[in-house]
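This report refers to the structure that appears directly beneath it.
There are 2 protein chains.
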Amino acid sequence: MTRAIKTMKIRGAPVLGVAAAYGLALTASHSKAKTRENLLYELESSAELLRKTRPTAVNLFWAIDRVLKKAKQTNGDVHTIAQAVVQEAQKMADEDVATNRKIGEAGAKLIQDGDTVLTHCNAGSLATVDYGTALAVIRVAVKQGKCVNVIATETRPLQQGARLTTFELQRDGIPVTLITDTMVGYVMAKKLVNKVVVGADRIVKDAVFNKIGTYSVAVLAHEHGIPFYVAAPKSTFDLTRVSKGVIIEERSPEEVTVCGGRRIAPEGVKVINPAFDATPLKYVTAIICESGVLTPKEFRRLKS
Amino acid sequence: MTRAIKTMKIRGAPVLGVAAAYGLALTASHSKAKTRENLLYELESSAELLRKTRPTAVNLFWAIDRVLKKAKQTNGDVHTIAQAVVQEAQKMADEDVATNRKIGEAGAKLIQDGDTVLTHCNAGSLATVDYGTALAVIRVAVKQGKCVNVIATETRPLQQGARLTTFELQRDGIPVTLITDTMVGYVMAKKLVNKVVVGADRIVKDAVFNKIGTYSVAVLAHEHGIPFYVAAPKSTFDLTRVSKGVIIEERSPEEVTVCGGRRIAPEGVKVINPAFDATPLKYVTAIICESGVLTPKEFRRLKS
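Shown next, in the form of structure tokens:
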């Protein structure tokens, strides 16, 4: 499970949380521990490994803490605790589906018939247990009978927009146009897009952390007067922190220098590869969560 | 020659002009025309083919017109005219080298010791006859003993930044860091860059046409208070036009959906692929040409 998360076979903040919970559920159900203490020790060790996989998405930490808390609070023998852990993971998966639907319903109110929505990276069913966050907003709007077009950015280096978002939307019969990341300013200047909806990996007091490139899209949307919405579950909120306290994961340089299996830059060239960036809340029109739509002002007023 | 230009084996505005001139030189030197009228007719036919290759870079049209004018103004027999055409092409190649050096010298004054300069696409020796435009500025600054770091954007779809700019700079021993196009906002927010220098394919009264993505970089530079310079020869100036009159070349969708020889998006997905975008002059700090550094205000005052 840790390998699947590190190599991004499993990716997307909400599904990362659920995957980590199932990682602990696997530990619990395969454990040969004879005592409560031993089982809790094994779970803590697994949690430690899972916490080290990826540092930016807060859902991972939230989910691990929740499952560990459940284990510690459960009375009874080893078998009862293991069962409680598995049930908690299952409950979190179910909750994620329900949360996605609520996010979709809250956000769909912001989408008008005829809108073209730009989205960056993939915040769809391939990033959540089902339905998605940013894409849930679009899916519910379409179910309500609204005609919605989507522009998906490629999202280099890992091309989640090209590989996942276009695939999901095409399968659902929602019209989608793929652009390279260099075309964001162009489509905005040409008025080919009138709303932006993206997901989030962590929302702190002053900024939204999401896939690298989100910040550039937000600044461009701001410059063109295009609303910029962030759709994410409340498990993504981290109100104890400001952006300076968040570690941005730096991934392997090969993700940049190798593209489609082929090397695109000379050997030895220096590369940076931050997986996320921070979008200050001043560029965010509203945050769409399972409780409704929050302006940045309302978001900042939430208690941690 | 027309095929090499269309498929972008030859690319970059200044070298496109010189290549077109040599295309006409080839026609002239291989011609079996017996009369002045026949040779001029053959040259006009070649010019027609060359004009149809790529619509956005103005140097192509400027070079073709200049060579045709030379042919028409030359008195004498077929051989004399052919010789004049070949000499004119050679002269233009020599002029391009001299122009590049002058651009480099004018622009280097804007570069301080310790600067990190971001450049988009390739405006180096691989886009000109020699030395480059944007990269000439950096090269001359380095020759003056200034320590300059460069950040090169990948520049999807065709990755000229990753493939050409990093290669040229590495060969010259100038420190270069490659980023994906999604990282432009990130490096600016982190203050990892303090100047932007790009080339141009055509500069009209109100905007700079350059590689797709330039406009996004310019808006981001503006937002971060980072100077944004355009380095280009005066043959790129088109003062008879405003941006609405310029055709932006739309290239094949496969440049977007295929990356490194591998398909990155599902079959049938809709794609747009504009090769250029327009950056309004309000985002441009100055234009660096062979006559010196012009503010947008000074540029607009030039007579067409």
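As given, the protein sequences belong to chains A and B, one line each in that order. Mapping the first sequence onto my numbering, position 156 (from 1) lands on 156, and the numbers just tick up by one. Residues are numbered in my numbering as their position in the second sequence, beginning at 1, plus a constant of 1000. Quick reminder that beta carbons are idealized off the backbone N, C-alpha and C, glycines included.
If we count the other Cβ atoms within 10 Å of its Cβ and call it buried at 16 or more, is residue i buried or exposed?
i                       : result
residue 262 of chain A  : exposed
residue 1242 of chain B : exposed
residue 38 of chain A   : exposed
residue 974 of chain B  : Residue 974 of chain B falls outside the range modelled here, since chain B spans only 1001 to 1304, and no answer is possible.
residue 1139 of chain B : buried
residue 285 of chain A  : buried
residue 1049 of chain B : exposed
residue 1079 of chain B : exposed
residue 160 of chain A  : buried
residue 29 of chain A   : exposed
residue 301 of chain A  : exposed
residue 122 of chain A  : buried
residue 1252 of chain B : exposed
Quick one: which chain A residues come within Cβ less than 8 Å of residue i?
i                       : result
residue 1013 of chain B : In chain order: nothing, as chain A lies at least about 18 Å away.
residue 1220 of chain B : 216, 219, 220
Taking residue i as the reference, which of the options has the closest Cα?
i                       : options                        : result
residue 1036 of chain B : B:1051, B:1121, B:1085, B:1010 : B:1085
residue 1007 of chain B : B:1013, B:1211, B:1053         : B:1053
residue 1166 of chain B : A:48, A:33, A:268, A:31        : A:268
residue 254 of chain A  : A:107, A:129, A:158, A:189     : A:158
residue 203 of chain A  : A:59, A:27, A:10               : A:59
residue 1019 of chain B : B:1114, B:1003, B:1199         : B:1003
residue 296 of chain A  : A:46, A:237, A:69              : A:237
residue 1235 of chain B : B:1051, B:1005, B:1095, B:1045 : B:1095
residue 1187 of chain B : B:1169, B:1151, B:1011, B:1214 : B:1151
residue 1132 of chain B : B:1077, B:1272, B:1032, B:1164 : B:1164
residue 1196 of chain B : B:1169, B:1225, B:1042         : B:1225
residue 1189 of chain B : B:1168, B:1222, B:1176, B:1201 : B:1222
residue 1174 of chain B : B:1184, B:1144, B:1303         : B:1144
Please classify residue i: does DSSP put it in a helix, a strand, or coil?
i                       : result
residue 229 of chain A  : strand
residue 1053 of chain B : coil
residue 137 of chain A  : helix
residue 270 of chain A  : strand
residue 171 of chain A  : helix
residue 1155 of chain B : coil
residue 1250 of chain B : strand
residue 1202 of chain B : strand
residue 1241 of chain B : coil
residue 70 of chain A   : helix
residue 1195 of chain B : strand
residue 281 of chain A  : helix
residue 116 of chain A  : strand
residue 148 of chain A  : coil
residue 1292 of chain B : strand
residue 1300 of chain B : helix
residue 101 of chain A  : helix
residue 176 of chain A  : strand
residue 1003 of chain B : helix
Taking 8 Å as the threshold (beta carbon to beta carbon), is residue i in contact with chain A?
i                       : result
residue 1285 of chain B : no
residue 1291 of chain B : no
residue 1170 of chain B : yes
residue 1270 of chain B : yes
residue 1115 of chain B : no
residue 1295 of chain B : no
residue 1142 of chain B : no
residue 1167 of chain B : yes
residue 1201 of chain B : no
residue 1155 of chain B : yes
For a contact meaning CB atoms closer than 9 Å, what does residue i contact in chain B?
i                      : result
residue 19 of chain A  : Those within 9 Å of residue 19 of chain A in chain B number zero; the least Cβ separation is about 25 Å.
residue 1 of chain A   : Simply none; closest approach about 27 Å.
residue 249 of chain A : Within 9 Å Cβ-Cβ: nothing; residue 249 of chain A doesn't reach chain B, min ~13 Å.
Which chain A residues sit within Cβ distance under 7 Å of residue i?
i                       : result
residue 1186 of chain B : 212, 215, 274, 277
residue 1264 of chain B : 159, 162, 163, 260
For residue i and chain B, any beta-carbon pair shorter than 8 Å?
i                      : result
residue 8 of chain A   : no
residue 241 of chain A : no
residue 47 of chain A  : no
residue 33 of chain A  : no
residue 183 of chain A : yes
residue 223 of chain A : yes
Could you tell me which chain B residues have their CB closer than 7 Å to the CB of residue i, listed as they occur along the chain?
i                      : result
residue 147 of chain A : Those within 7 Å of residue 147 of chain A in chain B number zero; the least Cβ separation is about 15 Å.
residue 204 of chain A : In chain order: nothing, as chain B lies at least about 15 Å away.
residue 256 of chain A : 1178, 1180
List, in chain order, every chain B residue whose beta-carbon is nearer than 8 Å to that of residue i.
i                      : result
residue 176 of chain A : 1269, 1270
residue 189 of chain A : 1215, 1277, 1278
Using 7 Å as the cut-off, classify the Cβ of residue i as near or not near the heavy atoms of the ligand NAD, replying yes or no.
i                       : result
residue 1017 of chain B : In terms of ligand content, the structure shown is empty, and the ligand NAD therefore cannot be addressed.
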